[in-house]
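Engineer: Sending over a structure as structure tokens; questions will come in a sec.
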Amino acid sequence: MNMNFKMNLKWKRISIIIVGMAGLSTLTFNCAPSMFQSAKSASNSSFGRVFDVFNAPKNSPYVLMTAKQTYKTFLNVTGQEGAQSNTQLNEFSARASSLSTNERLTNVNAPLQLAATSIAGEVCNGLLNKEVAAAAASRKFFSQVDFTKPVGQNSQSAFQSAVNVMAQSFWNRAPTADEAAQLNQFYNDFSATAGTAAAGTRNLFLGTCTGMLASLESYTF
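The structure is reproduced here in structure tokens:
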């Protein structure tokens, strides 16, 4: 594989983790439309230019999922393929036109990434609804997390356990050392300002899930 292309993919994945978690960890989803509309001009920002200059070689082993493939994949890897909510479907319908209609990686741009992040956020919101309502022993992703307690009373090892499960489900592999470091930094930064409300714990995992699910690797193959 072309080494520059491989490095582009690596840093693109890390960038989306940061953007997804920082942007959605405290958002309510009725704010998403204005957030997305403001991103229409993102090509003038440094973030937008990253995607504008991205140019995969013709012999690239990677292809981009289409809009429907992306949405179905997000549901499948979070165990919601047979139980999508109207809110999730409406979110996909509102964002689908900004996702790709074909497999070309050159279609990746800032509006596509933000559309994927908005959809991932709603899918992760549904996942949390499902898991928070279940007994800890019955959960697939957050079995070590106590959502009745604030972030400070949930250990970093519980966070890392959830990250590892999500990585295996979303990416079919463990996090790299760089990704683990980024995610742990997010945990530390979030913990420093989360306060004592139990809602902070849900926000932490909502942001983490969204950032990981919205990464480029989740909708390329």
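In terms of this note's numbering, the sequence shown opens at residue -18 and continues consecutively. Beta carbons: idealized from backbone N, C-alpha and C, even for Gly.
#1: Quick test of your reading: L45 and N88, contact by CB under 8 Å. State the CB separation rounded to the nearest angstrom.
#2: With 16 other CB atoms within 10 Å as the buried threshold, where does N106 fall?
#3: Since T129 sits in a beta bridge, which residues does DSSP pair it with?
#4: Quick one: residues in its chain with C-beta nearer than 6 Å to the C-beta of A139, no 5 flanking neighbours on either side, listed in chain order?
#5: Apart from the five residues just before and just after S117, which ones in its own chain have a Cβ nearer than 7 Å to its Cβ?
#6: Does the distance from the C-beta atom of V104 to that of Q69 stay below 7 Å?
#7: Span of the alpha helix (DSSP H) holding N135?
#8: Locate the alpha helix (DSSP H) running through A114, then write down its first and last residues.
#9: Consult DSSP for L197 and reduce its assignment to one of helix, strand or coil.
#10: Considering Cα atoms alone, identify which of Q166, F73, A115, F186 is closest to L95.
#11: Could you tell me the distance, in whole angstroms, from the CA atom of P131 to the CA atom of T177?
#12: Taking 8 Å as the limit between beta carbons, can you name the residues of its chain near Q50, skipping five residues before and five after?
Structural biologist: Reading off the structure:
#1: As a first step, residue 45 is located in the sequence shown; it is residue number 64 there, counting from the start. As a first step, residue 88 is located in the sequence shown; it is residue number 107 there, counting from the start. So it is a contact: roughly 6 Å between Cβ atoms.
#2: On the sequence shown, position 125 is the one that residue 106 refers to. That one is buried.
#3: Here residue 129 refers to the residue found at position 148 when the sequence shown is read from its first residue. Partner(s): none; T129 has no beta bridge.
#4: Counted from its first residue, the sequence shown places residue 139 at position 158. Take A139, set aside five residues on each side of it, and the residues of its chain with a beta-carbon closer than 6 Å to its own are Q125, V126, in chain order.
#5: The residue you call residue 117 lines up with position 136 of the sequence shown. According to the sequence as given, residue 117 is Ala; it is not Ser. Closer than 7 Å at the Cβ level, and outside the excluded window around A117, lie S124.
#6: Position 123 of the sequence shown, counted from the first residue, corresponds to residue 104. Position 88 of the sequence shown, counted from the first residue, corresponds to residue 69. It is a contact, given that the beta carbons lie within the stated cut-off.
#7: On the sequence shown, position 154 is the one that residue 135 refers to. N135 -> no alpha helix (DSSP H), and no H or E assigned at all.
#8: The residue you call residue 114 lines up with position 133 of the sequence shown. Where A114 is concerned, there is no enclosing alpha helix (DSSP H), given that its DSSP letter is neither H nor E.
#9: Your numbering for residue 197 matches position 216 in the sequence shown. Helix at L197.
#10: Along the sequence shown, read from residue 1 onward, the residue named residue 95 stands at position 114. The residue with the shortest Cα to Cα distance from L95 is F73.
#11: For the purposes of this step, residue 131 is taken as residue 150 along the sequence shown, with counting starting at 1. For the purposes of this step, residue 177 is taken as residue 196 along the sequence shown, with counting starting at 1. Distance between the alpha carbons of P131 and T177: 5 Å.
#12: Here residue 50 refers to the residue found at position 69 of the sequence shown. For Q50, where only same-chain residues beyond five positions count, the Cβ hits under 8 Å are Y200.
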